[in-house]
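Numbering (this note's numbering), first residue to last: 4 to 288.
Backbone N, C-alpha and C fix where the C-beta goes; we use that ideal spot for every residue, glycine too.
From a predicted model like this one, the values you see are computed outputs, not experimental measurements.
All remarks here apply to the structure that follows.
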Ligand SMILES: NC(=O)c1ccc[n+]([C@@H]2O[C@H](COP(=O)([O-])OP(=O)(O)OC[C@H]3O[C@@H](n4cnc5c(N)ncnc54)[C@H](O)[C@@H]3O)[C@@H](O)[C@H]2O)c1
């Protein structure tokens with residue numbers, strides 16, 4: 004449904020890889036709501052993924068950039084202002100990756116070089132993005148920056164590994180930078196904490212199908228999907244949320260407030276027999 008919520012606004016969307024990506028849905032919704040945008044992803048992702056298709060569909064220029072590289076980010080902001088014809092009104096950081104998860108290193112056997120990479124790609128890149136934008140004065144007063152996070156920043160989720168630490172850092176950067184950027188330039192900075200969602204990054208999470216089922220059973224109104232997340236991002240980019248900043252906002256069907264639901268309890272009791280037979284040698288990481 005179109006409401007023209009972003010009419011006349013200019014945005015940058017980082018992280019649309021393919022049509023399952025949350026950023027892909029956000030880009031489509033932003034344009035539907037009247038925004039003009041640029042898209043950015045790593046050069047490899049642009050080569051291997053479907054970002055080109057999205058760019059053509061939305062008439063959006065693609066700016067290949069590694070979000071951990073400050074010069075690349077400077078290029079994205081300066082070119083975006085040039086292409087879109089003025090300061091940027093909204094930015095989506097939809098970027099996450101853990102090489103420890105990819106290489107199946109458990110949390111009690113992390114490779115620390117890989118941990119540095121996880122934190123740099125998934126969290127510090129957000130600081131870099133904000134710092135570059137602020138130094139270039141690239142975001143307009145009242146502009147809105149959103150990054151995507153997960154509830155594993157607050158509570159332990161089996162298998163989420165070092166991404167939990169990255170998300171905790173991401174949310175902390177949101178508050179710390181949100182204070183400075185808000186006070187000095189009136190720019191809002193928030194995270195949206197999304198339900199598990201079947202995307203390329205999501206499918207890398209250990210036991211993703213079971214996690215999706217569990218959180219669906221636990222959430223009174225069910226998991227939020229990528230389209231739900233896109234809708235929330237649009238509201239956060241719009242002028243309807245002018246005074247919301249430095250927040251971690253849950254888009255999770257109520258999951259984060261639950262302890263136990265009847266649907267999860269029923270499923271749990273069905274599984275008790277299996278648990279008794281489980282191998283003694285359990286990997287918790
Ligand atoms: N899928 C889920 O279950 C879920 C739940 C909560 C939060 N999130 C978060 O949503 C965001 C988007 O993930 P997604 O699920 O849409 O998966 P996705 O795989 O479609 O998107 C991840 C993106 O990060 C990009 N990326 C990786 N390294 C990069 C770098 N160095 N520079 C620039 N871009 C880089 C990838 O190319 C990809 O486009 C991530 O932050 C993820 O942690 C996902």
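Grab me the residues of residue 120's own chain with a C-beta within less than 7 Å of its C-beta, minus the 5 sequence neighbours each way, in chain order. 102
Please look up how many angstroms separate the CB atoms of residue 183 and residue 83, rounded, as I've assumed it's under 8 Å. About 22 Å; that fails the 8 Å criterion.
Rounded to the nearest angstrom, what separates residue 265 and residue 218 at their Cα positions? 12 Å
Between the Cα of residue 89 and the Cα atoms of 230, 40, 106, which residue gives the shortest distance? 40
Where residue 291 and residue 284 are concerned, what is the direct C-alpha to C-alpha distance, given to the nearest angstrom? This structure gives no information on residue 291, because the portion of the chain shown stretches from 4 to 288.
Suppose the cutoff is 6 Å on Cβ atoms and the five residues either side in sequence are ignored; what does the same chain contact list for residue 258 look like? 218, 221, 222
Cα-Cα separation between residue 87 and residue 10, rounded to whole angstroms: 13 Å
Inter-residue CB distance, residue 18 and residue 93 (contact presumed, cutoff 8 Å): With 8 Å as the limit, residue 18 and residue 93 do not qualify as a contact, their Cβ atoms being about 14 Å apart.
Unbroken beta strand (DSSP E) run spanning residue 199, endpoints: Counting along the chain, residue 199 falls outside any beta strand (DSSP E), and DSSP gives it neither H nor E.
Go through its chain and collect everything with a Cβ distance to residue 161's Cβ below 8 Å, but skip five positions before and after it. 209, 210, 287
Buried/exposed call for residue 105, threshold 16 Cβ in 10 Å: exposed
Any contact of the segment 190-210 with the segment 242-258, i.e. 3+ C-beta pairs under 8 Å? Under the 8 Å Cβ criterion, the segment 190-210 counts as touching the segment 242-258, having at least three qualifying pairs.
Does DSSP classify residue 150 as helix, strand or coil? strand
How close, in whole Å, do the beta carbons of residue 32 and residue 156 come, if the pair is a contact with beta carbons under 8 Å? Residue 32 to residue 156, Cβ: 25 Å. No contact.
Going by the CB atoms, is the gap between residue 152 and residue 133 shorter than 8 Å? no
With H, G and I counted as helix, E and B as strand and the rest as coil, what does DSSP make of residue 14? In the three-state reduction of the DSSP assignment, residue 14 falls in the strand class, which pools E and B.
Please state if the CB of residue 42 and the CB of residue 63 are separated by a distance shorter than 8 Å. yes
Which class does residue 185 belong to by DSSP, given the choice of helix, strand or coil? DSSP places residue 185 in helix when its eight states are reduced to three.
Quick one: is residue 231 buried, meaning 16 or more other Cβ sit within 10 Å of its Cβ, or exposed? If you draw a 10 Å sphere on the C-beta of residue 231, you find 16 or more other C-beta atoms in it, and that means buried.
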